[in-house]
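Below: the structure, in structure tokens.
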Ligand code: BG6
């Protein structure tokens, strides 16, 4: 199966913070991959902007190094030189006037103009204001902002207000890179392009849902950021919340930015406050060979959680009585992200005790080995009675789709191209972000007031024992964390 590449319009993309880690690891390599795929018109311009003084050629050399370091591309790649020809660089003072006129002179009338704020949120206001006051951005320009979008509802609201002084909501693209993942978009395809699931997709037929995002990496190297955030701000308020919304939302009337985001917002607003007994925080500890969180975060007193598990209830007709269990953590046994939907047991068994049917389970694997697995009951072959056995219907997208299925574009590739196309469906709206914070704020405040330490768990384990008890209490079990 050959995927279709639809070229985007000619554009000028300015990357503020072009010398930073995100630009090196994700944005510039992602742009190269799209160029290589033929999606970026060769007339387009990518302009790096940062405080460092350097020439266009210096920036090109730096970009080539980053692409070779973070992808499998080698410097002899036939299209690399051509791609580097698209690049330019302007040294800019985000808080002063230096560089802005030069940037303005480089922008071409008639091209799509997009500005990627790959900088600390404290600079969003300064950059937005200068883009407007120097007449560089207009009503058709787009701005792209990264997480963290605030650290609570008040700060998110203040950021929204700052950006709104210079840009309309339709111009603001708030990135949650989980929405750019192919398999996350697939959640919508599975639910809304098949007749099979939707009639059963409610509390009458679903016992519970488990959403797991487990990572093997720790926080070493980014401890100063992470220690002020913790798993709830870093993963739950954004990525996990988006997964929950896509699983729980009503069908939008159309795959259209506001239709999709309206439905997600309704889910967030229907979330019940989480009782302290329904939430477990953990912190990984050294296991002899591997360092512990306190060491990685370089803060021996830290009470920040690197793991969180919680039971979430959605207060609406569809989900009344079906809990959603969420868990995410660092330095766990395996890197795996999945959503598991456990259906209810059949209401009546026509078989004797040796053949009691078990509940069906649908697992959507987001990464790695993207695919779906459905557990169904069948008869065990052989004479002598009716013995039932549960077997998996297993589909890996790579096998089903051929080479293209294995070659999933990185989330940033998709999202940046959507910015150029002017499609906001996979970006968070301002009210959505504020509502998500409104739900997490009381959880965080209770922790901060409580002064309780997170539960320790061994690096390389499945998380703290208390998280197991959270499930056992409800006569349920977490799925095993394995790659
Ligand atoms: C980021 C978090 O947003 O997502 C990281 O800040 C986390 O802490 C990362 O590791 C996970 O993303 P992915 O794409 O590797 O699942």
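Residue numbers (the working numbering): 411 to 893.
Just so you know, even glycine gets a beta-carbon here, dropped at the ideal spot from N, CA and C.
Item                                                                                                                 : Value
Distance cut-off 8 Å: residue 648 Cβ against heavy atoms of the ligand BG6                                           : yes
Three-pair Cβ contact test at 8 Å for the stretch 526-534 versus the stretch 559-572                                 : yes
Cβ contact (3+ pairs, closer than 8 Å) linking the stretch 677-695 and the stretch 711-719                           : yes
Other residues of its chain near residue 827: CB distance less than 7 Å, five sequence neighbours each side excluded : 418, 444 and 449
Backbone secondary structure at residue 732 - three-state DSSP                                                       : coil
Cβ contact check for the stretch 674-683 and the stretch 612-620: 3 or more pairs under 8 Å                          : no
Where residue 789 falls, given that 16 or more other Cβ within 10 Å makes a residue buried                           : exposed
Assumed close pair residue 835, residue 666 - CB separation to whole angstroms, cut-off 8 Å                          : 7 Å
Burial state of residue 573 (16 or more Cβ within 10 Å)                                                              : buried
Pick from 762, 745, 767 and 748 that is closest to residue 755, judged by C-alpha positions                          : 767
One or two residues paired with residue 554 in a DSSP bridge                                                         : 526 and 583
Contained alpha helix (DSSP H) runs [length at least 4] in the stretch 776-829, N- to C-terminal order               : 807-811 and 813-816
Contact set for residue 644: own chain, Cβ-Cβ below 7 Å, skip 5 residues either direction                            : 636
Run of the alpha helix (DSSP H) containing residue 635, from where it starts to where it stops                       : 633-636
Rounded separation between residue 803 and residue 582 - CA only                                                     : 42 Å
beta-carbon residue 434 near the ligand BG6 non-hydrogen atom, thresh 8 Å                                            : no
Close beta carbons around residue 660, own chain, < 8 Å, minus the five adjacent residues each side                  : 673, 676 and 728
Residue 638 CB to nearest heavy atom of the ligand BG6 below 8 Å                                                     : no
DSSP three-state assignment for residue 362, whether helix, strand or coil                                           : This structure cannot settle anything about residue 362, because the visible part of the chain is limited to 411 through 893.
Alpha helix (DSSP H) segment containing residue 887, residue limits                                                  : Unbroken run through residue 887: none, as it is neither H nor E.
Integer-rounded CB distance, given that residue 494 should sit under 8 Å from residue 518                            : Not a contact, Cβ separation roughly 19 Å.
Cβ-based burial, residue 416 [other Cβ within 10 Å; buried from 16]                                                  : exposed
Contact test: residue 625 Cβ vs the ligand BG6 heavy atom, cutoff 8 Å                                                : yes
Cβ-based neighbour list, residue 462, same chain, cut-off 6 Å, excluding 5 preceding and 5 following                 : 429
Straight-line Cα distance separating residue 722 from residue 981                                                    : Any question about residue 981 goes unanswered here, given that the chain covers just 411 to 893.
Sheet register partners of residue 681 (DSSP bridge)                                                                 : 724
Residue 852 classed as buried or exposed, judged by whether at least 16 other C-beta atoms fall within 10 angstroms  : exposed
Pair within 9 Å by beta-carbon distance, residue 868 and residue 697                                                 : yes
CB of residue 426 within 9 Å of CB of residue 460, strictly                                                          : yes
Buried versus exposed, by CB contacts within 10 Å (16 or more), residue 575                                          : exposed
Heavy atom of the ligand BG6 within 8 Å of residue 588 beta-carbon                                                   : yes
Residue range of the beta strand (DSSP E) that includes residue 695                                                  : 689-695
DSSP state of residue 645 mapped onto helix, strand, coil                                                            : helix
Span separating the alpha-carbon of residue 866 from that of residue 877                                             : 11 Å
Alpha-carbon spacing of residue 825 relative to residue 627, whole angstroms                                         : 24 Å
For residue 501, three-class secondary structure by DSSP                                                             : strand
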